[in-house]
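Each step along the sequence shown adds one to the number in this note's numbering, with nothing skipped, and position 29 is 29. What follows is a single structure, written as structure tokens, with notes after it.
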Amino acid sequence: MAYLGLVVRPKDLTMPGYDFRTTRLYVDAPLEEGRPAALDRGQAHYLTTVLRLKAGASILVFNSRDGEWRATLEGGKRAEALRIGVRTRAPIAPADLR
């Protein structure tokens with residue numbers, strides 16, 4: 001396939017192996033496998049009332065220090081915490097802007 005004079009092979013058109021459908025949430029707490037992370041009231045409301053996720057639902061959580069992790073909602077009707085699972089992405093170093 002040619003585009004603007006460039007030859008593009010089908011393998012170059014594939015998307016990266018990333019999950020774009022799973023809900024992502026910024027969490028300020030330290031993230032570590034097996035460790036619980038508390039949700040503040042706004043986050044719990046957003047996940048359980050707005051998105052209508054139930055306990056046991058899987059989401060992706062991230063922060064700038066620890067990267068991105070898969071987590072599971074824990075709690076009753078309103079999620080109270082997250083159980084951190086496996087890391088899906090390492091943290092990215094900030095760009096050196098001068």
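Built from N, CA and C at the ideal position, the CB exists for glycine as well. Computed from a predicted model, the values in this text were never measured in an experiment.
Can the beta-carbon of residue i be found less than 7 Å from the beta-carbon of residue j?
i: E74; j: R65; result: no
i: D37; j: V27; result: Checking the displayed sequence, the identity of residue 37 turns out to be Ala instead of Asp. Yes, the pair counts as a contact, with Cβ atoms nearer than the cut-off.
With a 10 Å radius around its C-beta and 16 neighbouring C-beta atoms as the bar for buried, classify residue i as buried or exposed.
i: L97; result: exposed
i: V86; result: exposed
i: A79; result: buried
When the Cα of residue i is compared with those of the options, which residue comes out closest?
i: N63; options: T22, I92, Y18; result: I92
i: K54; options: A81, L31, P94, T88; result: A81
i: T88; options: A29, A44, W69, L25; result: W69
i: E33; options: P94, T72, G76; result: T72
i: P30; options: V61, A79, G76; result: V61
i: Q43; options: K77, A95, L25, G76; result: L25
Between which residues of its own chain and residue i is the CB-CB distance below 6 Å, once the five residues before and five after are set aside?
i: D19; result: none
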